[in-house]
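J.: In my numbering, the protein residues as written are 29 to 626.
Using N, Cα and C, we set each Cβ at its ideal position, and we do this for glycine too.
One structure coming up, written as structure tokens, with questions to follow.
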Ligand code: ASP
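Rendered as structure tokens:
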């Protein structure tokens with residue numbers, strides 16, 4: 029860390045340096061005076077060290093230290109000495125030493141910062157993002173960014189070692205369907221036309237395989253204009269991979285050791301390989317989701333057989349309508365208070381299900397439930413038998429359309445695992461989801477759409493939209509999807525067939541995908557690939573709740589950048605050059621200006 033301005037980084041000083049004269053630079057943290065002696069914490073990226081200004085030993089420096097304010101940038105020369113016995117700070121890596129300052133130079137005074145630079149910062153999101161550079165001075169942010177860099181380095185090392193070539197693909201490109209909205213960039217030279225920012229380099233990486241490049245990777249930024257959430261933003265970074273002459277097994281064998289190594293080197297845990305592999309159908313049956321958290325049990329159970337002949341109207345109607353009755357048993361939740369139970373019901377309704385029926389198991393198979401009087405003893409016994417619920421447990425039943433019941437029970441399972449402390453610390457549960465459906469019906473678009481993307485190969489000749497499975501796979505970690513890919517279609521006839529099922533007219537197909545179809549017909553090798561998300565992985569490994577916490581300059585939840593004020597209006601000259609005119613509506617919408625004021 030030595031530079032022309034300093035000999036050491038503050039955070040690197042240790043007791044072994046005692047006696048040395050050092051020059052350090054950094055930001056002034058907390059300042060305090062004790063019996064005429066002034067102490068400051070001096071902080072740089074490596075950490076903080078205590079600096080002591082003694083009025084007798086260094087009167088000028090001591091006097092100057094009196095005038096220091098928080099976040100002033102200073103350069104200090106002094107001797108490293110061991111702290112007096114009993115004054116060590118075990119919470120600080122440099123806690124055994126201090127710098128006895130002889131000179132103090134203020135390199136740049138700071139105005140009073142809008143919030144203190146501390147890890148347990150209380151400032152609101154907008155303020156933190158507006159002053160992100162101050163936020164980044166927090167040790168926690170430094171740690172997270174370093175972990176992120178480490179993960180990306182491990183990815184590069186792994187891919188280079190496996191014979192992959194890093195190849196860049198353009199940012200100004202043509203729309204490729206990944207099921208999201210594109211960010212568009214108007215072309216000045218071709219007025220009225222637009223580039224799309226890549227939702228992924230999907231088609232380009234396939235074209236690289238057709239171009240004989242055999243093994244491609246790229247750590248690449250992708251952009252999707254969809255509502256941002258805690259675990260997803262407009263832009264994200266992925267390890268993008270494509271390889272030729274492969275099956276699913278090759279991709280899985282490539283990725284598993286990389287992830288085992290990432291976990292080992294970042295959080296120091298061992299994960300066993302091979303990872304579990306579950307089909308989509310099995311995941312939906314057992315967990316109600318295709319990204320199950322396998323760190324705990326509470327698997328879902330089908331109670332339709334128990335209630336096949338039920339006299340309980342609510343259940344009978346659901347079954348008659350072709351719906352599902354599914355349940356889970358929450359260990360030791362039978363003692364939940366009425367209020368807690370009501371909250372479970374509200375949460376279930378909040379997730380779109382009609383409601384929740386709970387049955388608390390008491391001693392000797394007796395139960396307590398708001399619907400107890402509607403259920404026969406045989407049915408109650410059947411519920412207990414199917415769910416395996418024992419004394420003290422709580423059975424949660426959702427009767428609804430199957431998809432709604434699944435969503436509700438998946439949410440319930442995740443919530444309850446947290447509330448009941450069922451999630452072991454430091455558990456890293458990886459699993460592969462395989463054999464997903466090839467298509468799903470979009471009510472919104474009133475047609476079949478691809479579950480992954482339209483280039484995904486079908487698992488069999490069967491292209492019947494209702495039943496076709498694909499050769500796709502997702503990697504799931506602790507209940508989050510952290511990557512996914514597929515073996516691709518390399519036969520142009522099958523690719524055309526898929527476009528037909530997606531209801532693209534021949535003209536649309538030619539317009540949008542003619543280039544790809546021509547390439548597939550000119551010697552496309554069998555190929556497949558995957559894209560592994562970086563942001564979400566760092567979020568999980570760093571124990572954060574939001575990907576904003578693991579990105580240096582994230583957007584706010586509403587998609588703005590409070591720091592620079594993006595997105596912002598552009599002037600009329602720029603618009604004219606692009607051949608664009610704003611509608612009256614968008615003029616009003618944008619109000620007084622940029623997102624910074626908004
Ligand atoms: N293009 C896909 C995505 O970004 C991944 C893949 O199929 O390789 O999600």
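Contact defined as beta carbons within less than 8 Å: I believe residue 471 pairs with residue 316. What is the distance between those atoms, to the nearest angstrom?
T.: For the purposes of this step, residue 471 is identified with residue 443 of the chain shown, where counting begins at 1. For the purposes of this step, residue 316 is identified with residue 288 of the chain shown, where counting begins at 1. No, residue 471 and residue 316 are not in contact; Cβ-Cβ is about 20 Å, not under 8 Å.
J.: Are the CB atoms of residue 554 and residue 500 nearer to each other than 8 Å?
T.: For the purposes of this step, residue 554 is taken as residue 526 along the chain shown, with counting starting at 1. For the purposes of this step, residue 500 is taken as residue 472 along the chain shown, with counting starting at 1. In this structure, residue 500 does not lie closer than 8 Å to residue 554 by Cβ.
J.: Provide the residue span of the beta strand (DSSP E) that contains residue 541, from first to last.
T.: As a first step, residue 541 is located in the chain shown; it is residue number 513 there, counting from the start. Careful: residue 541 lies outside any beta strand (DSSP E), inside the alpha helix (DSSP H) at 534–548.
J.: Look at the alpha carbon of residue 537 and the alpha carbon of residue 330, and state the distance between them as a whole number of angstroms.
T.: In the chain shown, counting from the first residue as 1, residue 537 sits at position 509. In the chain shown, counting from the first residue as 1, residue 330 sits at position 302. Those two C-alpha atoms are separated by around 43 Å.
J.: Rounded C-beta distance between residue 264 and residue 563? I'm assuming under 8 Å.
T.: Working through the chain shown from its first residue, we reach residue 264 at position 236. Working through the chain shown from its first residue, we reach residue 563 at position 535. Going by Cβ atoms, the distance from residue 264 to residue 563 rounds to 5 Å, so yes, they are a contact pair.
J.: I think residue 278 touches residue 246, with their Cβ atoms under 8 Å apart; what is that distance to the nearest whole Å?
T.: Locating residue 278 in the chain shown gives position 250, where the first residue counts as 1. Locating residue 246 in the chain shown gives position 218, where the first residue counts as 1. Between residue 246 and residue 278 the Cβ distance is about 18 Å, and since that is not below 8 Å, they are no contact.
J.: What residue range does the alpha helix (DSSP H) around residue 518 cover?
T.: As a first step, residue 518 must be located in the chain shown, where it is residue number 490. Counting along the chain, residue 518 falls outside any alpha helix (DSSP H), and DSSP gives it neither H nor E.
J.: Looking only at its own chain, which residues have a Cβ that is under 7 Å from the Cβ of residue 29, when we skip the five neighbours before and after it?
T.: For the purposes of this step, residue 29 is taken as the residue at position 1 of the chain shown. The residues are 36, 37, 40, 74.
J.: Taking 7 Å as the cut-off, is the CB of residue 224 close to at least one heavy atom of the ligand ASP?
T.: What you label residue 224 is simply residue 196 of the chain shown in a count that begins at 1. Answer for residue 224: no, Cβ out of range of the ligand ASP.
J.: Would you list the residues sitting across from residue 86 in a DSSP beta bridge?
T.: For the purposes of this step, residue 86 is taken as residue 58 along the chain shown, with counting starting at 1. Its beta-bridge partners do not exist; DSSP assigns none.
J.: Quick check: does the Cβ of residue 199 come within less than 7 Å of any heavy atom belonging to the ligand ASP?
T.: Mapped onto the chain shown, residue 199 falls at position 171. Flag unset: Cβ of residue 199 not near the ligand ASP.
J.: On the DSSP letters alone, give me the boundaries of the beta strand (DSSP E) that residue 500 sits inside.
T.: As a first step, residue 500 must be located in the chain shown, where it is residue number 472. It spans 500–505 - the beta strand (DSSP E) in which residue 500 sits, taken as one unbroken run.
J.: Could you please give the first and the last residue of the uninterrupted beta strand (DSSP E) stretch that includes residue 11?
T.: Coverage of the chain is limited to positions 29 through 626, which leaves residue 11 absent and any answer about it impossible.
J.: Taking all protein chains shown into account, do 16 or more other C-beta atoms lie within 10 angstroms of the C-beta of residue 169, making it buried, or fewer, making it exposed?
T.: If you number the chain shown from 1, residue 169 lands on position 141. The residue is buried, with at least 16 neighbouring Cβ atoms inside 10 Å.
J.: Compare the beta carbon distance of residue 213 and residue 232 with 8 Å and say whether it is the shorter of the two.
T.: Position 185 of the chain shown, counting from 1, holds the residue named residue 213. Position 204 of the chain shown, counting from 1, holds the residue named residue 232. In this structure, residue 232 does not lie closer than 8 Å to residue 213 by Cβ.
J.: Please state whether DSSP places residue 192 in a helix, a strand or coil.
T.: Position 164 of the chain shown holds residue 192. Three-state result, residue 192: coil.
J.: Judging by CA-CA distance, which residue of 488, 490, 462, 123 is the nearest neighbour of residue 480?
T.: For this step, residue 480 is matched to residue 452 along the chain shown. Nearest option by C-alpha distance: 462.
J.: May I ask which residues mark the beginning and end of the beta strand (DSSP E) holding residue 57?
T.: Indexing the chain shown from 1 puts residue 57 at position 29. 49–62 is the span of the beta strand (DSSP E), which, as asked, contains residue 57.
J.: Using the Cβ count rule (16 or more neighbours within 10 Å means buried), how would you classify residue 240?
T.: On the chain shown, position 212 is the one that residue 240 refers to. The residue is exposed, with fewer than 16 neighbouring Cβ atoms inside 10 Å.
J.: In chain order, what residues of the same chain lie with their CB nearer than 8 Å to the CB of residue 445, ignoring the 5 residues before and after it?
T.: Counting from one through the chain shown, the residue named residue 445 turns up at place 417. Hits under 8 Å: 321, 323, 324, 326, 451.
J.: Is it buried or exposed, residue 552, if we count other Cβ atoms within 10 angstroms and call 16 or more buried?
T.: As a working note, residue 552 is residue 524 in the chain shown. Answer is buried; the Cβ neighbour count reaches 16.
J.: If we count the other Cβ atoms within 10 Å of its Cβ and call it buried at 16 or more, is residue 401 buried or exposed?
T.: Working through the chain shown from its first residue, we reach residue 401 at position 373. Result: exposed.
J.: So what's residue 397 in DSSP terms, helix, strand or just coil?
T.: Working through the chain shown from its first residue, we reach residue 397 at position 369. DSSP places residue 397 in coil when its eight states are reduced to three.
J.: Should residue 512 be counted as a contact of the ligand ASP given a C-beta to heavy atom distance under 7 Å?
T.: Taking the chain shown and counting its residues from 1, one reaches residue 512 at position 484. Yes; taking the cut-off as 7 Å, the Cβ of residue 512 has a heavy atom of the ligand ASP nearer than that.
J.: Is the stretch 589–601 touching the stretch 174–188, taking contact as three or more C-beta pairs under 8 Å?
T.: no
J.: With a threshold of 7 Å (Cβ to nearest heavy atom), would residue 266 be considered close to the ligand ASP?
T.: The residue you call residue 266 lines up with position 238 of the chain shown. Residue 266 Cβ: within cutoff of the ligand ASP.
J.: Less than 8 Å between the C-beta atoms of residue 193 and residue 244, yes or no?
T.: As a first step, residue 193 is located in the chain shown; it is residue number 165 there, counting from the start. As a first step, residue 244 is located in the chain shown; it is residue number 216 there, counting from the start. Yes; because the gap between Cβ atoms is below 8 Å, this pair is in contact.
J.: Looking at the structure shown, is residue 584 part of a helix, part of a strand, or coil, going by DSSP?
T.: Counting from one through the chain shown, the residue named residue 584 turns up at place 556. Secondary structure of residue 584 (DSSP, three-state): coil.
J.: Which whole-angstrom value describes the C-beta separation of residue 460 and residue 529, a residue pair presumed to lie in contact below a C-beta threshold of 8 Å?
T.: Counting from 1 along the chain shown, the entry for residue 460 is found at position 432. Counting from 1 along the chain shown, the entry for residue 529 is found at position 501. Between residue 529 and residue 460 the Cβ distance is about 26 Å, and since that is not below 8 Å, they are no contact.
J.: According to DSSP, simplified to helix, strand and coil, what is residue 43?
T.: Working through the chain shown from its first residue, we reach residue 43 at position 15. It is helical.
J.: What are the start and end residues of each continuous alpha helix (DSSP H) run of 4 or more residues lying completely inside the stretch 59–143, in chain order?
T.: 87–94
J.: Within 10 angstroms of the Cβ of residue 112, are there 16 or more other Cβ atoms? Answer buried if so, exposed if not.
T.: In the chain shown, the residue the question calls residue 112 occupies position 84. Burial call: exposed.
J.: Just checking residue 552 against the ligand ASP - is the residue's beta carbon closer than 7 Å to any of the ligand's heavy atoms?
T.: To locate residue 552, count along the chain shown from 1; it is residue 524. Every heavy atom of the ligand ASP is 7 Å or more from the Cβ of residue 552, so no.
J.: For the stretch 231–297, which segments carrying the beta strand (DSSP E) assignment without a break, of at least 3 residues, lie completely within its bounds, in sequence order?
T.: 243–251, 263–272
J.: In the DSSP assignment, find the beta strand (DSSP E) that holds residue 405 and state where it starts and stops.
T.: If you number the chain shown from 1, residue 405 lands on position 377. Residue range 405–415 is occupied by the alpha helix (DSSP H) that includes residue 405, with no beta strand (DSSP E) assigned at that position.
J.: Quickly, what does DSSP pair residue 475 with across the bridge? List them, please.
T.: Here residue 475 is taken as the residue at index 447 of the chain shown, counted from 1. Note: residue 475 sits in a beta bridge opposite 470.
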